[in-house]
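Shown next, in structure tokens, is the structure this report addresses.
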Amino acid sequence: DPKVEAITEALPGANCGGCGYPGCGANAEAIAAGKSSPSSCVAGGTEVAIEIARIMGVSVQAKEPDVARMGCYYGVQDADLKYIYDGVADCRAAAILNGGSKECPIGCLGLGTCVNSCPFNALSMGPENLPVVNLSLCTGCGTCERVCPKHIITLTSYSRRIQHEFTTDECSAPCQRACPAGIDIPAYINRISRGLYLDAVRIIKETNPFPLVCGRICIRPCEYVCRRNLIDEPVAINNLKRFAADYEMRSGTRVHNPRAPETGKRIAVAGGGAEGLTAAYLLNRLGHDSVVYESTSQLGGLLRAGIQQNRLPKAVLDWEIEGIMDAGVQAILNTRVGMDVTVGSLLKDGFDGVFISTGGWDTFLREKGESDSYPVSPMPGVRLLIDFLVKSRAGKIQNIGKHIAILGGGRATLEAASACIKAGAEEVSVIVRSSINDASFSDEEIKNAEGQGVTFRFSTVITGMKGESDRLTHIEILTPADTGDTVENSIIPVDAVLVGAGRFPEMIYVPVKDEEGETQAEEKIKWRTIYPYAGPFAEQDEGIFRPGEEGSDYEAVVEAIGAGRRAAASMQRYIDGEPVKTPANMIRKDTYVLTLNKLEPVPKLTRSRMPESEMEKRINDPDLEISAGYSEEEAVKEAKRCMKCGLICYRRSKDY
Numbered sequence: 044d045p046k047v048e049a050i051t052e053a054l055p056g057a058n059c060g061g062c063g064y065p066g067c068g069a070n071a072e073a074i075a076a077g078k079s080s081p082s083s084c085v086a087g088g089t090e091v092a093i094e095i096a097r098i099m100g101v102s103v104q105a106k107e108p109d110v111a112r113m114g115c116y117y118g119v120q121d122a123d124l125k126y127i128y129d130g131v132a133d134c135r136a137a138a139i140l141n142g143g144s145k146e147c148p149i150g151c152l153g154l155g156t157c158v159n160s161c162p163f164n165a166l167s168m169g170p171e172n173l174p175v176v177n178l179s180l181c182t183g184c185g186t187c188e189r190v191c192p193k194h195i196i197t198l199t200s201y202s203r204r205i206q207h208e209f210t211t212d213e214c215s216a217p218c219q220r221a222c223p224a225g226i227d228i229p230a231y232i233n234r235i236s237r238g239l240y241l242d243a244v245r246i247i248k249e250t251n252p253f254p255l256v257c258g259r260i261c262i263r264p265c266e267y268v269c270r271r272n273l274i275d276e277p278v279a280i281n282n283l284k285r286f287a288a289d290y291e292m293r294s295g296t297r298v299h300n301p302r303a304p305e306t307g308k309r310i311a312v313a314g315g316g317a318e319g320l321t322a323a324y325l326l327n328r329l330g331h332d333s334v335v336y337e338s339t340s341q342l343g344g345l346l347r348a349g350i351q352q353n354r355l356p357k358a359v360l361d362w363e364i365e366g367i368m369d370a371g372v373q374a375i376l377n378t379r380v381g382m383d384v385t386v387g388s389l390l391k392d393g394f395d396g397v398f399i400s401t402g403g404w405d406t407f408l409r410e411k412g413e414s415d416s417y418p419v420s421p422m423p424g425v426r427l428l429i430d431f432l433v434k435s436r437a438g439k440i441q442n443i444g445k446h447i448a449i450l451g452g453g454r455a456t457l458e459a460a461s462a463c464i465k466a467g468a469e470e471v472s473v474i475v476r477s478s479i480n481d482a483s484f485s486d487e488e489i490k491n492a493e494g495q496g497v498t499f500r501f502s503t504v505i506t507g508m509k510g511e512s513d514r515l516t517h518i519e520i521l522t523p524a525d526t527g528d529t530v531e532n533s534i535i536p537v538d539a540v541l542v543g544a545g546r547f548p549e550m551i552y553v554p555v556k557d558e559e560g561e562t563q564a565e566e567k568i569k570w571r572t573i574y575p576y577a578g579p580f581a582e583q584d585e586g587i588f589r590p591g592e593e594g595s596d597y598e599a600v601v602e603a604i605g606a607g608r609r610a611a612a613s614m615q616r617y618i619d620g621e622p623v624k625t626p627a628n629m630i631r632k633d634t635y636v637l638t639l640n641k642l643e644p645v646p647k648l649t650r651s652r653m654p655e656s657e658m659e660k661r662i663n664d665p666d667l668e669i670s671a672g673y674s675e676e677e678a679v680k681e682a683k684r685c686m687k688c689g690l691i692c693y694r695r696s697k698d699y
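Everything in the sequence shown is counted per our numbering, starting at 44 for the first residue and increasing by one.
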């Protein structure tokens with residue numbers, strides 16, 4: 044094959060194996076077959092990658108480097124019981140001997156197979172009998188990841204960790220699985236226990252840019268599942284997060300994780316609350332330019348408007364938001380999406396996506412001084428059912444289009460459908476996720492509505508919307524898999540969608556590209572929507588208003604932060620050309636994971652109490668923060684209470 048020969052000629056001939064193939068010739072064949080990247084040669088450098096890309100007819104772009112990362116805390120010396128098989132000196136052999144290990148009491152097998160396999164001498168066995176990565180030598184070739192039989196050492200990057208979801212095929216702690224923001228909790232507590240406080244902040248900010256805020260007002264779902272509850276009291280996970288964040292603020296040093304190479308992509312975010320700012324910050328860290336549009340004069344959303352100063356001081360919130368801006372996020376205030384700017388105008392201005400993250404309390408805002416006007420919606424064609432009914436019951440005829448879809452609303456749906464027909468609508472579709480047998484409508488109600496021209500679509504969900512400029516033109520519908528065989532998406536014309544819930548879920552709008560892959564430049568730019576992949580509380584994957592998360596009014600800021608992270612990850616998947624869907628085997632609320640109901644022998648350790656400001660001072664200054672925060676000594680002591688849980692592994696009792 045001339046192409047294989049040309050690629051082989053371009054490769055340096057080192058045959059180092061860093062590409063994952065046994066020699067440059069094998070890698071050349073894999074590149075030509077599309078199984079290996081033109082930049083897979085770690086010994087050749089940029090010039091080789093560019094030359095191979097030219098041969099393949101593709102281009103090379105800057106990429107955030109991958110590095111090896113250890114995912115276990117326990118070396119062989121920490122095991123109370125060891126099995127050392129005669130003649131076995133390779134982790135892969137030990138893992139499959141006699142059918143393989145049935146459970147993982149110690150994690151790393153410690154035989155150093157990854158160290159022996161590394162072609163660049165970037166790994167060594169450390170004093171704890173765990174691999175240690177030399178980041179200056181690691182090229183991210185992945186050899187160690189491929190040879191580790193227990194998937195303990197893996198390739199990672201900051202961008203990967205932003206998008207990571209805990210799955211059933213990896214070792215994770217209960218606190219990690221319970222955190223809506225996806226924070227690597229054991230890792231940051233470990234850093235605090237070692238006095239590496241700014242490193243702890245870096246780990247938190249991999250998925251949560253609000254450690255100061257969460258450290259004060261988080262509802263702490265992680266602590267409810269902490270395994271120390273089986274012995275005494277949970278580790279003060281949230282107090283430790285606050286300590287690390289307070290340390291950063293007092294130090295005056297802004298901690299930011301490295302930004303991925305510039306992509307040239309621009310993303311607009313509607314809403315400057317916790318969710319929108321999280322999405323904007325993480326999109327910025329992924330290499331995109333993000334701009335937040337906020338309708339008020341200040342960022343913060345409900346964090347600013349709804350929480351007392353003695354719980355979340357404004358100075359603390361301001362410092363946190365300034366840090367997000369310092370990272371490179373832009374903000375445009377006093378600008379309402381749907382009125383001052385629109386989805387259509389933003390896409391026409393060159394944005395590659397628009398993320399709608401306005402909260403439940405302000406998704407649909409009324410124009411001041413125009414009581415008869417429709418509430419302003421940031422989403423083209425989307426209206427609240429209640430607003431439509433209020434005007435309808437007042438005798439006002441509202442012709443909102445020829446083709447109407449109504450989603451949810453119970454029996455009020457039938458009233459709205461009848462009003463739409465009377466106002467001149469030619470087609471009204473009532474879309475119901477449940478089957479006809481489980482629907483809230485009686486047979487007589489359905490029959491009467493159908494007699495007026497209403498169409499019922501049971502066992503059906505909306506999966507997306509399409510339109511041009513500021514006009515909705517179509518919706519995509521689908522029958523979920525759990526109601527029978529999944530059918531292909533159907534596209535039906537729709538001018539307006541009436542929503543029975545108090546708000547519409549988050550949505551990402553992206554421009555439709557022409558057949559040659561270029562964004563259209565017409566006056567009326569076409570668009571379609573992307574719905575962020577399902578979160579841990581969703582009971583189904585398909586459609587908007589998924590059971591378990593259909594309310595979308597978050598009970599806590601950490602849930603909004605988690606939703607913002609999933610939105611950023613969904614946008615990244617779209618940009619990378621990958622399907623925007625829930626990762627395989629993602630751990631959800633009802634996923635069964637191996638767990639414990641007893642610990643022994645683990646001695647009790649007193650939890651460090653959060654100090655409070657003096658009552659006399661709080662009486663004189665009602666805005667004085669109630670919680671005073673840990674001292675360094677208290678924080679380190681509390682961090683050492685963490686048992687560094689995996690699935691079922693712990694240190695020996697004598698180490699406590």
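Beta carbons: idealized from backbone N, C-alpha and C, even for Gly. Quantities reported herein were computed from a predicted structural model and do not represent experimental measurements.
Here Lys248 is buried. Its C-beta has 16 or more other C-beta atoms within 10 Å. For Leu390, the secondary structure class from DSSP, reduced to helix, strand or coil, is helix. Membership of Ile505 in the beta strand (DSSP E) is indicated by the continuous run 504 to 511. Nearest C-alpha to Thr516 among Val110, Ile443, Arg263: Ile443. No Cβ-Cβ contact shorter than 8 Å links Pro264 with Ala317. For Met368, the enclosing alpha helix (DSSP H) has its first and last residue at 357 to 369.
Straight through space, the alpha carbons of Lys434 and Met422 are spaced by roughly 20 Å. When beta bridges are read from the DSSP output, Arg571 appears opposite Lys509, Val553. In the structure shown, Gln351 falls within a coil segment according to DSSP collapsed to helix, strand and coil.
Pairing Ala288 with Val601 gives a Cβ-Cβ distance that is not under 8 Å. Counting along the chain, Pro536 sits inside the beta strand (DSSP E) bounded by residues 533 to 536. Less than 8 Å separates the beta-carbon of Leu360 from that of Val256.
Looking at the backbone, the Cα of Glu592 and that of Gly578 are separated by about 8 Å.
Contact check for Val475 against Phe501 passes: the beta carbons are separated by less than 8 Å.
Between Thr199 and Arg259, the CB-CB gap reaches or exceeds 8 Å.
Met168 carries a strand assignment under DSSP once its states are collapsed to helix, strand and coil.
The C-beta distance from Ala671 to Pro654 rounds to 4 Å, short enough to fall under 8 Å.
Contact annotation: Cys115 and Gly150 have beta-carbon atoms nearer than 8 Å. The beta carbons of Asp109 and Gly61 sit no closer together than 8 Å. Met113: member of the beta strand (DSSP E) spanning 110 to 113, first to last residue. For Thr321, the three-state secondary structure derived from DSSP is helix. In this structure, Leu390 lies away from Gln615, with their beta-carbon atoms at least 8 Å apart. About 5 Å separates the beta carbon of Ala539 from that of Gly424, a gap short enough to meet the 8 Å contact definition.
A straight line joining the alpha-carbon of Ile568 with that of Leu320 spans about 27 Å. Beta-carbon to beta-carbon, Leu325 and Ile205 are separated by about 5 Å, close enough to satisfy the 8 Å threshold. In the three-state DSSP reduction, Ile310 falls in the strand class (E or B).
Annotation: the region 145 to 225 contains the following complete segments of the beta strand (DSSP E) (minimum length 3 residues), in chain order: 166 to 168, 174 to 176, 196 to 199. Around the beta-carbon of Val636, fewer than 16 other beta-carbon atoms lie within 10 Å, marking it exposed.
With distances taken between CA atoms, Gln120 lies nearest to Pro170 out of Ile93, Arg650, Pro170.
By the neighbour-count criterion, in which a residue is buried when 16 or more other Cβ atoms sit within 10 angstroms of its Cβ, Arg379 is buried. Assigned with DSSP and collapsed to three states, Gln441 falls in coil, not helix or strand. Its Cα nearest to that of Thr250, the residue Ile604 stands out among Glu677, Leu648, Asp395, Ile604.
A Cβ-Cβ separation of about 20 Å leaves Ile310 out of contact with Gly343 under the 8 Å criterion. Of Phe431, Gly507, Lys490, the smallest CA-CA separation from Phe499 is found for Lys490. A straight line joining the alpha-carbon of Ser338 with that of Arg347 spans about 14 Å.
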